Amino acid sequence: MKLSADGYGIAAPIWNKVMTAALKDKPDERFVVPEGIQSVVVSRASGKLPSADTPSDARISDVFASFSIPTEVDDLYKKIDVVKGDGLLPNEFTPADQIESRLFLNHNDAIDTFPSWLAGIKSWVAGRTEQDSTFPGFAPTKTTALYTAETARNKPTITITSPTAFSIISERNVPIKVQVHAPNGVKEVEFFLGNRTVPNSQKFAAPYTGSIHFLSSYDPGTYTIRALIIDDLGYTDEATIEVRFEGLETGSSTDSSEESSPKENSSSLLPPLLQELPGT
Numbered sequence: 022m023k024l025s026a027d028g029y030g031i032a033a034p035i036w037n038k039v040m041t042a043a044l045k046d047k048p049d050e051r052f053v054v055p056e057g058i059q060s061v062v063v064s065r066a067s068g069k070l071p072s073a074d075t076p077s078d079a080r081i082s083d084v085f086a087s088f089s090i091p092t093e094v095d096d097l098y099k100k101i102d103v104v105k106g107d108g109l110l111p112n113e114f115t116p117a118d119q120i121e122s123r124l125f126l127n128h129n130d131a132i133d134t135f136p137s138w139l140a141g142i143k144s145w146v147a148g149r150t151e152q153d154s155t156f157p158g159f160a161p162t163k164t165t166a167l168y169t170a171e172t173a174r175n176k177p178t179i180t181i182t183s184p185t186a187f188s189i190i191s192e193r194n195v196p197i198k199v200q201v202h203a204p205n206g207v208k209e210v211e212f213f214l215g216n217r218t219v220p221n222s223q224k225f226a227a228p229y230t231g232s233i234h235f236l237s238s239y240d241p242g243t244y245t246i247r248a249l250i251i252d253d254l255g256y257t258d259e260a261t262i263e264v265r266f267e268g269l270e271t272g273s274s275t276d277s278s279e280e281s282s283p284k285e286n287s288s289s290l291l292p293p294l295l296q297e298l299p300g301t
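Here the working numbering runs 21 ahead of the position in the sequence shown, where the first position is 1.
Structure below.
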């Protein structure tokens, strides 16, 4: 036998021929699963029962004898709250909407007497996460420095200066003006009529303004105008006022759809004298 011979290239083909010849006249028989054999869904990474944090693509169905079915729950995957901006642990100054839950590997080295071995594993995982953002890395141990007591003291403020609270509205277009103070910088300012975003607004640059367009279909009544500011660090503030819409004044401009609709007889718009002239 040659030095390069192996089971796949030498032994397996020989054994295949032997078994094919030996079973040539034998009927096919269905494999009967022995009693006590079960298929159980486990974590592919640990072989343990999946936990709530075990991702679906890390779960597989495996076959076990009754005496070897796993009873421990997978602890290799763990969801941890981190800061969106830098992926580190949040502190007491971090805005709640700047925190998200991410999946991480909870690796514990079974042999902790070789720290360089664990360092190599961490290096490999770090490289893998850079190549594939969906691959969970190791959980962070450092706390974010993006948010401090000073940044929290500099949270933004916003005030609606026009229209004033409890104003009586009878016009179609109502401009919204605000006064903002944001030492951390302004990311955007949003305007709302009730729960609906005001589309006609200048959100990303001063002066931050909006324009509410009351349609003829709007019922008279009390409406809420809200202005929301988000600063560059994710801190927020909002201002809310109520106004009274009395309906549109008689003779106010029609909706844009009505303004652009074609007229059936344009000559009816001319003065009576011109209508009588030839060619009109």
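Cβ coordinates follow ideal geometry from the N, Cα and C atoms, glycine included.
Because the structure is a prediction, the values reported are computed rather than measured.
Within the same chain, and ignoring the five residues on either side of A170 in sequence, the residues whose Cβ sits closer than 7 Å to its Cβ are F114. Beyond the five residues adjoining it in sequence on each side, T257 comes within less than 6 Å, by CB distance, of I251 in the same chain, given in chain order.
Under DSSP, D252 forms a beta bridge with V207. If you draw a straight line from the Cα of V195 to the Cα of Q119, it is about 33 Å long. Looking at the DSSP output, V201 shares a beta bridge with I179. Put simply, the backbone Cα of G57 is about 10 Å away from that of V84. The beta carbons of P71 and R65 sit no closer together than 7 Å.
Between P177 and A203 a beta carbon distance of about 4 Å is seen, short of the 8 Å cut, so the two are scored as contacting. Note on geometry: alpha-carbon atoms of V219 and R247 lie some 10 Å from one another. Separation of the CB atoms of I233 and I197 is rounded to 7 Å, and the pair is thereby assigned contact status at 8 Å.
Three or more Cβ pairs drawn from the stretch 94-104 and the stretch 151-168 lie within less than 8 Å of each other, which places the two stretches in contact. Leaving aside the five residues that flank S122 on each side, the residues in its chain whose CB is nearer than 6 Å to its CB run, in chain order, K100 and D102.
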